[in-house]
Structure formats: C-alpha cells, structure tokens
Amino acid sequence: MTVAKTSVLVLDCAEPAELAEFYSAFLGAGTRIGADPDFVEIVGHAGVHLAIRRDHGYAPASWPRPESSQQAHLRIMVSREEIDEAEREAIGLGARPLDTKHNGGPRDTRTYSDPAGHSFTLAVLP
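Just so it is clear: in the sequence shown, position 73 is 72 by numbering that gives the first Met the number 0, and no numbers are missing.
So, in structure tokens, the structure goes:
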C-alpha cells in the first residue's frame with residue numbers, strides 16, 4: 000500500500016511575510032499562516048503550493064555562482080502571449096532581472112531574483 004503524500008517547496012528568508020506577499024500577488028494566490036508565524040504558505044489554484052520560512056541567519060544567494068551550480072529555483076510557466084505582462088508584474092512587485100538574454104524565440108526564458116534574492120525563471124509554456 001502506498002502512503003498518500005504531498006509536497007511543498009519551502010524558501011528560507013529573513014522576512015517571510017514580505018516574501019509571501021510578493022509570491023501571493025505574483026501567482027494570484029492566497030497566504031495561510033498557521034500556529035508558527037515564521038512559516039507562511041502560499042496556496043491557490045492548481046499547481047501553487049509554496050511556503051516561506053524565517054531563517055534568522057539568512058543570507059541571499061548570489062547568481063550566477065561560478066564556484067557551484069544552481070541548486071534550486073522556481074520555474075513559472077506562462078503563455079507566449081502573456082510573458083511580457085508577467086515580466087512587468089514581477090518587476091512591479093519587486094523582482095530584479097538577472098538574465099534576460101534569451102528573451103524571445105522558441106525557448107523564451109527570463110531569470111529574476113525575488114525580493115529576498117532567490118532566483119526564479121519565467122518561461123514560455125511548451
């Protein structure tokens with residue numbers, strides 16, 4: 000018998016409420032705070048389940064890191080017709096462009112950092 004499981008990607012940061020606000024606004028999702036105020040979940044339509052956790056010793060990641068490969072990032076998929084608007088939304092909410100050299104074409108991907116320094120990519124749905 001297989002045990003039912005679910006998963007959530009957890010991002011560490013210094014200020015979980017602020018980072019949760021960024022992602023909930025960008026993803027069109029809500030936030031949920033349980034008994035632990037240092038752990039905030041972002042929940043919404045199918046495919047959105049993310050959490051933010053306070054790390055009192057948090058230091059933002061650097062990108063790109065030449066001494067090691069990227070360990071994890073979010074890939075947010077959007078339609079080709081909406082990628083420019085998604086980019087404007089992300090930047091308007093506080094994202095910072097990191098790599099936009101692949102804008103356009105069949106593999107349109109754009110890399111940003113969120114307000115806490117985590118990288119994420121906007122990419123055209125295949």
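Just so it is clear, CB atoms sit at the ideal spot from N, CA and C, and this is done for glycine as well.
In this text, all values refer to a predicted model and were calculated from it rather than measured experimentally.
task: Ignore the nearest five residues each way along the sequence and tell me which others in Ala-13's own chain have a CB closer than 8 Å to its CB.
output: Apart from the 5 residues on each side of it in sequence, Ala-13 sits with its Cβ closer than 8 Å to the Cβ of Arg-53, Asp-54, His-55, Tyr-57, Ala-115 in its chain, given in chain order.
message: Going by DSSP in three states, Tyr-22 sits in which element: helix, strand or coil?
response: Of the three classes helix, strand and coil, the one that applies to Tyr-22 here is helix, per DSSP.
query: Could you give the distance in angstroms between the alpha-carbon of His-48 and the alpha-carbon of Ile-41?
result: If you take the alpha carbons of His-48 and Ile-41, they lie about 6 Å apart.
query: Where does Asp-83 fall in DSSP's three states?
result: Residue state, collapsed to three classes: helix.
task: Assign Glu-14 to one of three DSSP states: helix, strand, or coil.
output: Judged by DSSP in its simplified three-state form, Glu-14 adopts coil rather than helix or strand.
task: Could you please give the first and the last residue of the uninterrupted beta strand (DSSP E) stretch that includes Pro-96?
output: Unbroken beta strand (DSSP E) run through Pro-96: 95–98.
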